[in-house]
Each structure stands twice: as structure tokens, then as C-alpha cells.
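Peer 1: Per numbering that gives the first Met the number 0, the very first residue in the sequence shown carries number 0; after that it's consecutive. We put the CB at the ideal spot given by N, CA and C, even for glycine.
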Amino acid sequence: MNKKTVKDVDVRGKRVFCRVDFNVPMKNGQVSDETRIRAALPTIQYLVDQGAKVLLASHLGRPNGQAVEELRLTPVAKRLSELLGKDVKKTDEAYGDSVKSEIDIMNEGDILLLENVRFYPGEEKNDPELAKAFAELADVYVNDAFGAAHRAHASTEGIAKYIPAVSGFLMEKELDILGKALSNPERPFTAIIGGAKVKDKIGVIDNLLEKVDNLLIGGGLAYTFVKAQGHEIGKSLLEEDKIELAKSFMEKAKAKGVNLYMPVDAIVADDFSADANTKVVAIEEIPADWEALDIGPKTAETYRDVIQKSKLVIWNGPMGVFEFDKFAQGTKAVAQALADANDTYSVIGGGDSAAAVEKFGLAEQMSHISTGGGASLEFMEGKQLPGVVALNDK
Ligand SMILES: Nc1ncnc2c1ncn2[C@@H]1O[C@H](COP(=O)(O)OP(=O)(O)OP(=O)(O)O)[C@@H](O)[C@H]1O
Ligand SMILES: O=C(O)[C@H](O)COP(=O)(O)O
Numbered sequence: 000m001n002k003k004t005v006k007d008v009d010v011r012g013k014r015v016f017c018r019v020d021f022n023v024p025m026k027n028g029q030v031s032d033e034t035r036i037r038a039a040l041p042t043i044q045y046l047v048d049q050g051a052k053v054l055l056a057s058h059l060g061r062p063n064g065q066a067v068e069e070l071r072l073t074p075v076a077k078r079l080s081e082l083l084g085k086d087v088k089k090t091d092e093a094y095g096d097s098v099k100s101e102i103d104i105m106n107e108g109d110i111l112l113l114e115n116v117r118f119y120p121g122e123e124k125n126d127p128e129l130a131k132a133f134a135e136l137a138d139v140y141v142n143d144a145f146g147a148a149h150r151a152h153a154s155t156e157g158i159a160k161y162i163p164a165v166s167g168f169l170m171e172k173e174l175d176i177l178g179k180a181l182s183n184p185e186r187p188f189t190a191i192i193g194g195a196k197v198k199d200k201i202g203v204i205d206n207l208l209e210k211v212d213n214l215l216i217g218g219g220l221a222y223t224f225v226k227a228q229g230h231e232i233g234k235s236l237l238e239e240d241k242i243e244l245a246k247s248f249m250e251k252a253k254a255k256g257v258n259l260y261m262p263v264d265a266i267v268a269d270d271f272s273a274d275a276n277t278k279v280v281a282i283e284e285i286p287a288d289w290e291a292l293d294i295g296p297k298t299a300e301t302y303r304d305v306i307q308k309s310k311l312v313i314w315n316g317p318m319g320v321f322e323f324d325k326f327a328q329g330t331k332a333v334a335q336a337l338a339d340a341n342d343t344y345s346v347i348g349g350g351d352s353a354a355a356v357e358k359f360g361l362a363e364q365m366s367h368i369s370t371g372g373g374a375s376l377e378f379m380e381g382k383q384l385p386g387v388v389a390l391n392d393k
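#1: How is I104 classed by DSSP in three states: helix, strand or coil?
#2: Give me whichever residues DSSP pairs with W314 in a beta bridge.
#3: Can you name, in chain order, every residue of its own chain whose Cβ lies under 6 angstroms from the Cβ of D91, other than the five neighbours on each side?
#4: Spatial neighbours of E377 within its chain, please: C-beta separation below 7 angstroms, excluding the five flanking residues on both sides.
#5: Let me check you understand the geometry: is the CB of D20 closer than 8 angstroms to at least one non-hydrogen atom of ligand 2?
#6: Across which residues does DSSP place I110 in a beta bridge pair?
#7: If you compare alpha carbons, which of M0, L59, L55 is closest to G28?
#8: Should G84 be labelled buried (16 or more other beta-carbon atoms within 10 Å of its own) or exposed?
#9: Taking N215 as part of the beta strand (DSSP E), name the residues at either end of that continuous run.
#10: What do you reckon, is the C-beta of F326 under 8 angstroms from a heavy atom of ligand 1?
#11: Between S272 and ligand 1, is the CB less than 8 angstroms from at least one heavy atom?
#12: Indicate the three-state DSSP secondary structure (helix, strand or coil) for M379 in the structure shown.
#13: For the beta strand (DSSP E) that contains V139, what are its first and last residues?
#14: Determine whether the beta carbon atoms of F16 and P62 lie at a separation below 9 angstroms.
#15: Give me, in chain order, the residues of the same chain whose beta-carbon lies closer than 7 angstroms to that of D86; leave out the 5 immediate sequence neighbours on both sides.
#16: On the DSSP bridge list, what partners appear for I306?
#17: For the segment 337-347 and the segment 218-235, state whether three or more C-beta atom pairs, one from each stretch, are separated by less than 8 angstroms.
#18: According to the Cβ coordinates, are V305 and L337 closer than 9 angstroms?
#19: Have a look at P262 and V98 and give me their C-alpha separation to the nearest angstrom.
#20: Whether or not the segment 163-182 and the segment 362-370 are in contact is what I'm after, with contact meaning three or more pairs of Cβ atoms, one per stretch, closer than 8 angstroms; do they touch?
#21: Using three-state DSSP, classify E290 as helix, strand or coil.
#22: Inspect the beta-carbon positions of K325 and D7 and report whether they are closer than 9 angstroms.
#23: Within 10 Å of its beta-carbon, does G194 have 16 or more other beta-carbons around it, so buried, or fewer, so exposed?
#24: Taking just the CA atoms, how far does G64 sit from E123?
#25: For A395, which residues of its own chain have a beta-carbon under 6 angstroms away from its beta-carbon, when the five flanking residues on both sides are left out?
#26: With a threshold of 8 angstroms, are at least 3 pairs of Cβ atoms found where one atom belongs to the segment 202-210 and the other to the segment 289-303?
#27: Since I266 is in the beta strand (DSSP E), which residue starts that stretch and which ends it?
#28: To the nearest angstrom, report how far apart P74 and A159 are at their CA atoms.
#29: Does the beta carbon of N206 fall short of 8 angstroms from some heavy atom of ligand 1?
#30: Straight-line CA distance for D264 to V280?
#31: For A254, count the other beta carbons within 10 Å of its own beta carbon; 16 or more makes it buried, fewer makes it exposed. Which is it?
#32: What would DSSP say about F145, mapped onto helix, strand or coil?
#33: Restricting to Cα atoms, I'd like to know which of D48, G233, K241, K310 is closest to D288.
#34: Could you check the C-alpha separation between L292 and D138 for me, to the nearest Å?
#35: Go through its chain and collect everything with a Cβ distance to L237's Cβ below 8 angstroms, but skip five positions before and after it.
#36: Check whether the Cβ of M365 sits closer than 8 angstroms to any heavy atom of ligand 1, and report yes or no.
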């Protein structure tokens, strides 16, 4: 990476504004998945060990520029404190005089978690005034929020204009692993794309067709492709205006010699619910009143074979509605195949696929689980991430 990292600056005794991505799932007022908190620990611990005064900043959810009680970072401070075995103070604001007073009484190695930065309208607008107000709190800016690096916001991009700006270890690691995987991939290189939204994944599919040997399509977005093949898909998810594009991807795959795999069978349901009636059908036989909510067993078997023969696999998006057990088999089969493939380097691209792998207890067996959902997708698309671009060059 050609950007400075936290090791390139002296932070002893300095006030460090460290942007992390603590946008974690919550249940009943408690952190229900701490993956992102754990992932930020190396940088936080390093700053503490170096004697910095550590100000942590993050967003949580999408409060739309106003304070929302359930989206305060208080439970995160508690969990972080438990994980570090150390006090973590929290403020009720993210900048301003009350925050400054707290910083004034900090000792070297202390940690202060600022309130949700998205409580202020200026954050998502990347308002220079807010960016300056953040910058005023600190001497150095560290961005370790890979998961939010695709957002040009005041705490992820704007602030970097005003004080020395470097990356944290998590940011560095994510960029390194994803960058290596994409720029010099081991082959066969396979991408698995699932999830629900074709339109969000178009860029990545287009870009991956330039790079991969195999592309496996699953999840809700598969049915726009199935429709493009000329089959009826009943009530399955369809993005009508993307059918032509799906066709063009099939042609591009052919022209590039990419093996494009689509479901050959599916588990269909008579209702979108956990206790719907289900059956397995061939892909050309989806009944008119039913919807496909998972890939079928034959498809899963084929995908497993391809995965096992691959040296590198990147995976983004579940194969079915894995939240319901009846439609979790396809996603589980893919996760299990990755877990079993010892010679295969597996990169899971955040969000739902990471949650699925976690749910099946297979997370430990993946080579890398990215903390970025949208960020890893945009990176794979070949887009520049504003939160990275803004950092100081080496
Ligand atoms: N066949 C299907 N029909 C409808 N929805 C589906 C189907 N297969 C998967 N899904 C749903 O897709 C959702 C995930 O879609 P999304 O495109 O957001 O995936 P993702 O890339 O993993 O998410 P993120 O962007 O958070 O990383 C899951 O909630 C899952 O239930
Ligand atoms: O969860 C994520 O992908 C990041 O924290 C970014 O969140 P956002 O999509 O609300 O900007």
C-alpha cells in the first residue's frame, strides 16, 4: 500500500482521532456480533501501547443526521472495554466543548469513544465545518474503518484534509489481502456472487468477468439471469430492467472464456416465510405461483466441485434466504465446501455472507472474512475508496 500507516507517525502523547467501523449488529440494546470490534483491536491496542490519547469515532446504523437513542454507541463502549480489559469512556457528543473537556483530562493510553458521528447532518454530507471540528480534537488522524472507506464522509474523508492522516492495521490488512487476491490471483480463480440486489452487483460482476476463471451465480439475483436464459421464474426475485444486462454478461463470459455457472435447480416455496411449503424443481420448471428461495442440491453439488478445484475463491452474497432454515442449505453447502477446501484461499466479502458463515460455525475455517460489505464490493469493482485516497502518501 502506498499510504502511510500508523507506524509511520509518532503518536506518543498525541491526541489520535481513530475512525473505526463499529457499525455492528445490535439486539436488545447489546452488541450481537462483535466481529468488527475485534478486528479493530490491534490498532487500538497499538495506539494505547504507544501512549497515544485515543479518540475512537464510528457510525452506527443510519440515524439520518439526528440523535437516535437506540443508535448511541454506549453498548459498544461497554463491549470494547470488556474485550480490552480496560476502561473506555464515552461521550454523548462527537465534537465540541464537552468533548474537548473530556480530552483535556485524558492520560496517555486512555481511550474515549465519541458518540455516533451520524447524529450530525454534516457527517454524511462531508461538511468541511464538521470535518474541521473533528480535526480540532486531535493531532493525528488514523483511519481503520475499512467497512466505511467507500463513504466520503466528514469522519472518513473530510478530516484527512486538516491533520496528518494515516491508515490503521485493519485497513492495511484488508487492502493488502483484497488487493493481492485481485491483482495477482492464484488460479483457478472463482467468484461466487449471490444476495438480493442485481443492481448493486452489476459493477462487480462486470469487473470480475475480466479476472476470474469461474463465476458462480446464486441468491435472488440469479433469477434475473435465469429469466435471461429464457425460463419462467414464477414469483422469484426479478429485476426486469436488468434482463438485457444479464444477457450481455452471459455473452461477455463466453467471449472471455469464463465459466459462468447458474442454478440448474432450485428450492421453491409457495410463500416467503420460514414455514412455507417447499419443493425442489429443475430450473426450467419453477411453477408460476412459487418463488425460488434457494439453489437446489444439484447446483450446490456443482458449485462444491468448482470450489474444491479452485485456488482462490471470493464470495459475496448468500445463495438463498439463509435466515430461514428451509432455504439455508445452498449457502451452507458453499460455506462447507470452502471450509473443506484446504488448498483454496477463501475471501468472504462482508455483510450477509459473513453472517452466514458465522451462523454455520465455519468462520474459523475461512482464510479471510472482510469487515467490509459495500466497501469490499466497491474495491472488487476496481473503484477508488475515498477513505483510502484521502490518506497521506508514503
Ligand atoms: N432467492 C432469494 N430470493 C430472495 N432473497 C434472497 C434470495 N437469496 C438470498 N436472498 C436474500 O439476499 C439477502 C442479502 O442480499 P444482499 O444483496 O444485501 O447481500 P450481501 O451482499 O451479502 O449483503 P451486504 O451488502 O450487507 O454485504 C439476504 O437477506 C437473503 O435472504
Ligand atoms: O455496514 C457497512 O457496510 C458499513 O458500516 C457502511 O455502512 P453504510 O452502508 O450505512 O454506509
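Peer 2: In this structure, then:
#1: In this structure, I104 counts as coil in the three-state DSSP scheme.
#2: Answer by DSSP bridge pairing, in chain order: I191, I347.
#3: Around D91: E114.
#4: H149, L384
#5: yes
#6: Bridge partners of I110: V53.
#7: L59
#8: exposed
#9: Before going on, a small fix: residue 215 reads as Leu here, not Asn. Element bounds for L215: 213-216.
#10: Under cutoff, so the answer is yes.
#11: no
#12: helix
#13: 139-142
#14: no
#15: Non-local C-beta neighbours of D86 in its own chain, meaning closer than 7 angstroms and more than five positions away in sequence, comprise S80, ordered along the chain.
#16: The secondary-structure analysis by DSSP pairs I306 with nothing; it has no beta-bridge partner.
#17: no
#18: Not in contact: V305 and L337 (Cβ atoms no closer than 9 angstroms).
#19: 54 angstroms
#20: yes
#21: strand
#22: Note that the C-beta distance between K325 and D7 is not below 9 angstroms.
#23: buried
#24: 8 angstroms
#25: Lying outside 0 to 393, the shown extent of the chain, residue 395 is not represented and no answer is given.
#26: No contact exists between the segment 202-210 and the segment 289-303.
#27: 264-268
#28: 28 angstroms
#29: no
#30: 6 angstroms
#31: exposed
#32: helix
#33: G233
#34: Taking the Cα positions, L292 is about 51 angstroms away from D138.
#35: Its chain contains Y222, T223, K226 as the residues whose beta carbon lies nearer than 8 angstroms to that of L237, once the 5 sequence neighbours on both sides are disregarded; these appear in chain order.
#36: For M365, the shortest separation between its Cβ and any heavy atom of ligand 1 does not lie below 8 angstroms.
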